[in-house]
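Reading through the C-alpha cells given below for one structure.
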Amino acid sequence: MIDIKILREEPDRVRKAIADKGNDCDLDAILEMDIKRRKLIASVEQLRAQQKSVNSEMAALQKGSPEFIAKIEEMRGVAAEVKQGDTALKDLEETWEEMILTVPNIAHDTVPVAPDPSGNVVDLTWGDAASASPHAKAHYDADIFNELSDFPRGVKVTGAGWPFFKGGMARLIRSLINFYLDEARDAGYEELMAPLVVNEASARATGQLPDKEGQMYVIPQEGFYMIPTSEVPVTNFYRDEILEADDLPVFRACYTPCFRREAGSYGKDVRGLNRTHQFDKVELVKWVHPDESYNELESLKSHAETLLQKLQLPYRVLLMCSGDLGFTQTKKYDLEVWAAGQERWLEVSSCSNFEAFQARRANIRYRAKGEKPVHVHTLNGSGLAVPRVLAAILENNLQEDGRVKIPEVLVPYFGQEYLG
RNA sequence: GGAGAGAUGGCUGAGUGGUCGAAAGCAACGGUUUGCUAAAUCGUCGUACCCCACAAGGGUACCGCGGGUUCGAAUCCCGCUCUCUCCGCCA
Numbered sequence: 108m109i110d111i112k113i114l115r116e117e118p119d120r121v122r123k124a125i126a127d128k129g130n131d132c133d134l135d136a137i138l139e140m141d142i143k144r145r146k147l148i149a150s151v152e153q154l155r156a157q158q159k160s161v162n163s164e165m166a167a168l169q170k171g172s173p174e175f176i177a178k179i180e181e182m183r184g185v186a187a188e189v190k191q192g193d194t195a196l197k198d199l200e201e202t203w204e205e206m207i208l209t210v211p212n213i214a215h216d217t218v219p220v221a222p223d224p225s226g227n228v229v230d231l232t233w234g235d236a237a238s239a240s241p242h243a244k245a246h247y248d249a250d251i252f253n254e255l256s257d258f259p260r261g262v263k264v265t266g267a268g269w270p271f272f273k274g275g276m277a278r279l280i281r282s283l284i285n286f287y288l289d290e291a292r293d294a295g296y297e298e299l300m301a302p303l304v305v306n307e308a309s310a311r312a313t314g315q316l317p318d319k320e321g322q323m324y325v326i327p328q329e330g331f332y333m334i335p336t337s338e339v340p341v342t343n344f345y346r347d348e349i350l351e352a353d354d355l356p357v358f359r360a361c362y363t364p365c366f367r368r369e370a371g372s373y374g375k376d377v378r379g380l381n382r383t384h385q386f387d388k389v390e391l392v393k394w395v396h397p398d399e400s401y402n403e404l405e406s407l408k409s410h411a412e413t414l415l416q417k418l419q420l421p422y423r424v425l426l427m428c429s430g431d432l433g434f435t436q437t438k439k440y441d442l443e444v445w446a447a448g449q450e451r452w453l454e455v456s457s458c459s460n461f462e463a464f465q466a467r468r469a470n471i472r473y474r475a476k477g478e479k480p481v482h483v484h485t486l487n488g489s490g491l492a493v494p495r496v497l498a499a500i501l502e503n504n505l506q507e508d509g510r511v512k513i514p515e516v517l518v519p520y521f522g523q524e525y526l527g
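Our numbering applies: residue 108 is where the first sequence begins, and numbers increase by one.
Take a look at the structure:
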C-alpha cells in the first residue's frame with residue numbers, strides 16, 4: 108500500500124511512477140475520493156461529538172423526568188443521522204481502500220526506466236558459460252534425468268507438473284536445501300519452519316490477494332491458500348506487530364515447498380524442471396530500518412550470488428527496469444543461472460526491496476525509545492530455488508559417460524562425487 | 001468431532017446499560033530524596049484516524065472479530081474466530 112501522504116503531497120511523483128511501471132490506476136479519482144472521504148468523516152464525527160455530549164448530560168438527569176424524555180426525542184434524529192452517515196462512510200471507505208490498493212509502489216531512482224523486459228540491465232555476469240561440460244544436454248533429454256525422475260507417474264497420481272524424484276535425484280534435492288540453509292545460517296539468517304497454507308488475511312497482507320488468487324491453490328473448506336512462496340508466511344510472522352528498534356534488522360531463512368498453479372504456461376518453459384506446480388525453495392526475508400534497506404538489498408543479492416559461486420555455476424545479475432518491476436517493489440535484482448544444455452538463462456532468485464509498501468499493508472512497525480511507531484522496510488529474495496539450480500547442475504556438469512559431477516561444496520551433503 | 005469455561009491497555013486484573021479510554025497493581029520512562037544499592041515519593045505512561053500547518057490545540061473510533069437492540073453498549077442479543085479444561089480420535 109502506498110503512503111497516503113505521498114499521494115496527497117506529491118501526486119506528480121506518483122503519477123510518473125505509475126506511468127514508469129506501465130500501470131494504469133486512476134490517481135485523480137483516488138484523490139477525489141480521499142477528499143470526499145475526509146469530509147464525510149468530519150461530518151459524522153461532529154454528529155457523534157454532539158451525541159456524546161448530550162449523552163453525558165442525560166447521565167446526570169433523573170431517568171424518566173420530562174427533561175430526560177425531551178432529550179431522548181431530541182437525540183432520536185441525531186442517532187438516525189449517525190447511523191446513516193456510518194453506513195455511507197463504511198461503503199466509501201471500502202471503495203477507497205480498494206482504490207488505494209491499485210496504486211503501485213514507486214520505483215527507486217537507481218532503477219532504469221523502460222516499458223518492458225528489454226530494458227533490464229545486466230549488472231554483472233559471473234563465470235564462463237563455455238566452462239560447462241562439452242557434453243552438456245538439456246536436462247530433460249539426459250538419460251540420467253529420465254531415470255531418476257518420474258513425470259508420468261506424477262501425472263497419474265496428481266497431474267501434469269507434479270513429478271516424482273527418485274534415489275540420487277531426491278537426495279541431491281535434499282542436499283541443495285541443506286546447503287542453502289547452512290549458508291543462510293552462516294550469513295546471519297535464523298531458520299524458520301513455516302505453515303504451508305495461510306489464511307486470507309496473510310495472503311492479503313503480502314499482496315497475493317486481491318488479484319493474484321489465480322496463482323494459488325485454494326482450500327475452500329477452510330478459506331486457506333497454499334503458499335506460492337514462503338515469503339507469505341514468513342513476512343506475516345510479524346503482521347500487526349511493533350518491533351523494538353534495537354531488534355532490527357531481523358533476518359530469517361525458510362525452506363518450504365512452493366505451490367503455483369501457473370495457469371496458461373506452456374512449451375519449453377514448462378519442460379522438465381523449468382516450471383512445476385510444486386518446487387522447493389529457501390526464501391530469505393529481512394525486516395530492516397528504513398535507512399538501511401538499500402544496503403540490505405545489496406547484501407541480500409550478494410549472499411544469493413555466493414551460493415551460485417560456491418556451486419560453480421555461471422550466472423548473471425539483472426537489474427530490473429521499471430516496466431518489469433513488480434507492483435510492490437521499488438528495486439529488484441534477478442539472478443539467472445546458465446543452463447548449458449538448453450543454452451538459456453534460468454531465473455533462480457529474485458531479490459527485492461519493498462520499502463514500507465508491504466509493511467504498511469501488513470502493519471509491521473518498529474519503535475525507537477520514546478518515539479512513535481514507524482513502518483519497517485521489508486526485503487526478500489530466494490536463496491535459492493532448487494529445481495532450476497538442479498537443472499543447471501545436471502546440464503553443465505553432465506559427463507561423457509552420462510553421470511553428473513556433483514559440485515564440490517555439495518559432496519559432503521550428497522556423500523558421493525557423481526550422480527549416476 | 002462432543003461438552004464446558006473464557007477473551008479488557010506492555011503484563012496482572014476490576015468493571016453487567018449512562019461523566020468508562022476504562023479502577024488498582026506491576027513493568028517502563030522522567031524528576032525529587034537518600035553516600036552507593038535498595039526503598040520512598042511526584043509525574044508521565046496505548047493505537048489509528050479526522051480538523052488544524054504532519055506544531056500547539058481540539059475531535060472521533062477502538063475492551064477478540066462482525067452484526068443487532070438503544071437517545072446511549074466493555075456491559076444486553078445474534079453470528080464467527082481463538083484460547084483453556086474434560087472426553088473421543090490420531091502421526
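Just so it is clear, CB atoms sit at the ideal spot from N, CA and C, and this is done for glycine as well.
Rounded C-alpha distance that separates residue i from residue j
i, j, result
"G488", "T336", "10 angstroms"
"T363", "D387", "6 angstroms"
"G448", "L350", "47 angstroms"
"L154", "D193", "11 angstroms"
"D398", "A166", "52 angstroms"
"A301", "C365", "12 angstroms"
"D119", "V189", "36 angstroms"
"L316", "T342", "15 angstroms"
"E139", "L199", "12 angstroms"
"R378", "E338", "25 angstroms"
"S456", "E403", "16 angstroms"
"I207", "S459", "22 angstroms"
"L497", "P340", "25 angstroms"
"E307", "G266", "26 angstroms"
"K112", "R346", "22 angstroms"
"A126", "R367", "29 angstroms"
Rounded distance between the beta-carbons of residue j and residue i, thought under 8 angstroms
i, j, result
"Y440", "L426", "6 angstroms"
"L283", "L517", "7 angstroms"
"K128", "G430", "7 angstroms"
"L462", "S400", "At residue 462 the sequence reads Glu, which differs from the Leu that was named. Indeed, because the Cβ distance is near 6 angstroms, the residues count as touching under 8 angstroms."
"V424", "L442", "6 angstroms"
"H482", "R472", "5 angstroms"
"L486", "H246", "Their Cβ separation, rounded to whole angstroms, is 31 angstroms, which puts L486 and H246 out of contact at 8 angstroms."
"G274", "L255", "6 angstroms"
"S240", "Q506", "6 angstroms"
"A214", "A352", "That belief does not hold up - the Cβ atoms of A214 and A352 are roughly 27 angstroms apart, past 8 angstroms."
Residue i burial status per 10 Å Cβ neighbour count (16 or more: buried)
i, result
"M323", "buried"
"A312", "buried"
"K438", "buried"
"I179", "exposed"
"K408", "buried"
"I251", "buried"
"Q436", "buried"
"R292", "exposed"
"G527", "buried"
"R260", "exposed"
"N253", "exposed"
"I326", "exposed"
"Q465", "buried"
"S309", "buried"
Per-residue DSSP class, three states only, for residue i
i, result
"N487", "strand"
"Y296", "coil"
"K190", "helix"
"Y122", "Looking at the sequence provided, one finds Arg at residue 122 rather than Tyr. Three-state DSSP puts R122 in a helix."
"Y324", "coil"
"R474", "strand"
"L303", "coil"
"I251", "helix"
"D235", "coil"
"N162", "helix"
"R368", "coil"
"Y345", "coil"
"L288", "helix"
"E351", "strand"
"H410", "helix"
"A177", "helix"
"M427", "coil"
Cβ-heavy atom distance, residue i to the ligand FMN, below 8 angstroms
i, result
"T336", "By its list of ligands, the structure shown contains no ligand whatsoever, and the ligand FMN lies outside what it can speak to."
With contact counted as at least three CB pairs below 8 angstroms, one residue from each stretch, are the segment 488-498 and the segment 224-233 in contact?
-> no
Report yes or no: do the segment 138-156 and the segment 201-215 share at least 3 C-beta pairs separated by less than 8 angstroms?
-> yes
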